[in-house]
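Those protein sequences? They're chains A and B, same order as listed. Take our numbering: the final residue in the first sequence is number 208, and no numbers are missing along the way. Take our numbering: the final residue in the second sequence is number 1183, and no numbers are missing along the way. This report refers to the structure that appears directly beneath it.
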Amino acid sequence: MTSDPRDTHDGRPIDPDLSAVQSAWSELEQCEPPELLDQAVLNAARRQIERSRRRRSMGWLGAFATAAVVVLTLAIVVRQDLPGPVLTPPETDGFRLDLDAAAPKGATGEAKIMHDEPAVPLEQAKRMSSAAPAASEAPRLLREERQAVSPETIETLEADAEEIPDPEAWIERLLKLHEAGRADELEAELAAFRRAWPDYPLPPELFD
Amino acid sequence: MRELDDEVLMKAYANGDMAAFECLYDRHRGPLYRYILRQVGDAATANDLYQGSWEKIIRARGSYTASAPFKAWMYRIARNHIVDHFRRSRPTRDLSPDALPADGPGPEQVLIGEQAATGLAAAVNGLPAEQREALLLKLEAGLDLLTIAEITGVSPETAKSRLRYAVGKLKKSMGSMQNGAES
Chain A
1 MTSDPRDTHD GRPIDPDLSA VQSAWSELEQ CEPPELLDQA VLNAARRQIE
51 RSRRRRSMGW LGAFATAAVV VLTLAIVVRQ DLPGPVLTPP ETDGFRLDLD
101 AAAPKGATGE AKIMHDEPAV PLEQAKRMSS AAPAASEAPR LLREERQAVS
151 PETIETLEAD AEEIPDPEAW IERLLKLHEA GRADELEAEL AAFRRAWPDY
201 PLPPELFD
Chain B
1001 MRELDDEVLM KAYANGDMAA FECLYDRHRG PLYRYILRQV GDAATANDLY
1051 QGSWEKIIRA RGSYTASAPF KAWMYRIARN HIVDHFRRSR PTRDLSPDAL
1101 PADGPGPEQV LIGEQAATGL AAAVNGLPAE QREALLLKLE AGLDLLTIAE
1151 ITGVSPETAK SRLRYAVGKL KKSMGSMQNG AES
């Protein structure tokens, strides 16, 4: 009675009446999923494919960045281990420049005075020294500088430093809010999304 | 594309071929929807579960191996999703046999009660959950006995017995329906 040869167990049919029920069942009205549901499923499938493509295209960039970091780190380590260039005076091989002898007579005394005198006069040096902040004042100055920055700026900087969620995950969250009909939350989330990802395409069903 | 097997299409989709998914979806949308709808009874829940099932299928595309039959894999995912849903929402119609009423209205009573208006569908609705599930996997998904047993996590003997009970009850209902129409 059974039409399907797999409808047997241990060589016996499951039930001789199964095919009668099957044919009666096939005459029932065939319910189909609503068209909107079809669209939602197909859109989800498309989004996932696009996401994979983006991830794949970004994959080489990640590998490249990792390789670059490794190379740079190695270069720094190697450079630190190497001894620095040793600066040695040029070989004179016994040749000695006798400045005193080369200098014209009478100029020796003047040269000596120039050598002994500091490049900056003492008074000027003192003035410069008093104008520069003392090392002990540095923390105070830093504090003052920080106070000069407005709290809003600090908040913005801190917010920027926070990790921005993945856009696709975020969109899924938005879609869930949309489906749940939580309009206020959706609006706030959308605004936040737009701030973080201003040029990221949003799925049209979000605006249905 | 149309003549390709489900398994090939699913692998193609996993590799980024959207046309393959469209073909696969077109092939299974009706049966999967009806399987879910007949299981849960109301369209709103069925719509949610149907969409959720496909989303799970889409997300799991990377883990699908072409050696496993696609249909069995797909219905397993859908069934798990339905079971999870009922576990979460603690419904009146739990799929687990423990949650079923011991003596619910049989298919005949359902038919009489609904004046055979919805006929066979109502009779299927009146079956105990595990029998209904096995029968729907047979009638809607067209799965064989071993696959039904595997999906529902029972032995082939148990699956067979569920099917036989379901078919027997439906046969009776169909007989009552014919008698009712004649008298």
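The beta carbon of each residue, even a glycine, is placed where N, CA and C say it ideally should be.
Taking 8 Å as the upper bound on Cβ-Cβ separation, chain A lies near residues Trp-1054, Glu-1055, Ile-1058, Arg-1059, Arg-1061 of the region 1052-1084 of chain B. Under the DSSP assignment, B:Cys-1023 falls in the alpha helix (DSSP H) whose first and last residues are 1018-1040. Shown here for B:Ala-1019: same chain residues with a beta carbon closer than 7 Å to its own, the five before and five after excluded, namely Met-1001 in chain order.
Secondary structure note for B:Ile-1058: its alpha helix (DSSP H) is the uninterrupted segment 1043-1059.
B:Leu-1127 is positioned such that its CB atom lies no closer than 8 Å to that of B:Leu-1120. Distance from the CA atom of B:Gln-1051 to the CA atom of B:Tyr-1013, rounded to whole angstroms, is 18 Å. Legend: CB atoms of the region 1018-1040 of chain B lying less than 7 Å from CB atoms of chain A belong to residues Met-1018, Phe-1021, Glu-1022, Tyr-1025, Arg-1029, Gly-1030, Tyr-1033, Arg-1034, Leu-1037.
Using a C-beta cut-off of 8 Å, the region 1137-1154 of chain B makes contact with the region 13-23 of chain A, since at least three inter-stretch Cβ pairs fall below that distance. If you draw a straight line from the Cα of B:Lys-1056 to the Cα of B:Ile-1077, it comes to about 7 Å.
One thing to note: A:Asp-17 has its Cβ no nearer than 8 Å to the Cβ of B:Lys-1160.
The criterion of a C-beta distance shorter than 8 Å is satisfied by A:Pro-203 and A:Leu-175. Of all residues in the region 18-33 of chain A, the ones placed with a Cβ closer than 9 Å to any Cβ belonging to chain B are Leu-18, Ala-20, Val-21, Gln-22, Ala-24, Trp-25, Ser-26, Glu-27, Leu-28, Glu-29, Gln-30, Cys-31, Glu-32, Pro-33, in chain order. Each residue's CA atom was taken as its position, placing A:Pro-34 and B:Asp-1042 some 14 Å apart. With a threshold of 8 Å between beta carbons, A:Ile-49 makes contact with chain B.
Proximity of A:Asp-166 to chain B, defined by a Cβ-Cβ separation below 8 Å, is not satisfied. In the three-state DSSP reduction, B:Val-1154 falls in the coil class, being neither helix nor strand. Using a Cβ-Cβ cut-off of 8 Å, A:Arg-182 does not count as an interface residue toward chain B, since no Cβ of chain B sits closer than that to its own. For B:Val-1167, the C-beta contacts it makes with chain A under 7 Å involve Asp-15, Asp-17, Leu-18, Val-21, in order along the chain. Distance from the CA of A:Ala-44 to the CA of B:Leu-1024, rounded to the nearest whole angstrom, comes to 14 Å. Between the region 189-196 of chain A and the region 167-174 of chain A there are three or more C-beta pairs closer than 8 Å, enough to call the two in contact. In summary, B:Met-1074 is buried, with 16 or more beta-carbon neighbours lying within 10 Å of its beta-carbon over all protein chains present.
Here DSSP, grouped into helix, strand and coil, assigns A:Gln-80 to helix.
For A:Met-58, the number of other beta carbons within 10 angstroms of its own is below 16, and it is reported as exposed. A:Ser-52 has a beta carbon lying within less than 8 Å of a beta carbon in chain B.
DSSP places A:Leu-175 in the uninterrupted alpha helix (DSSP H) bounded by 167-180. Rounded to the nearest whole angstrom, the CA to CA distance from B:Glu-1007 to B:Asn-1125 is 32 Å. If you draw a 10 Å sphere on the C-beta of B:Thr-1045, you find 16 or more other C-beta atoms in it, and that means buried.
With distances taken between CA atoms, B:Asp-1005 lies nearest to B:Lys-1071 out of B:Arg-1162, B:Gly-1016, B:Lys-1071. The Cβ atoms of B:Ile-1082 and B:Gln-1039 sit closer than 8 Å to each other.
Residue contact with chain A for B:Met-1010: absent (no Cβ-Cβ distance below 8 Å to any residue of chain A). Chain A has a Cβ within less than 8 Å of the Cβ of B:Leu-1163. Using a Cβ distance threshold of 8 Å, A:Cys-31 and B:Arg-1162 do not count as a contacting pair.
With a cutoff of 8 Å on beta-carbon distance, B:Leu-1037 and B:Ser-1053 are scored as not near each other. Listed in chain order, the positions of the region 1115-1148 of chain B with a beta carbon within less than 7 Å of a beta carbon of chain A are Leu-1120, Ala-1121, Leu-1139, Asp-1144, Leu-1145. With fewer than 16 other Cβ atoms inside 10 Å of its own Cβ, A:Thr-73 counts as exposed.
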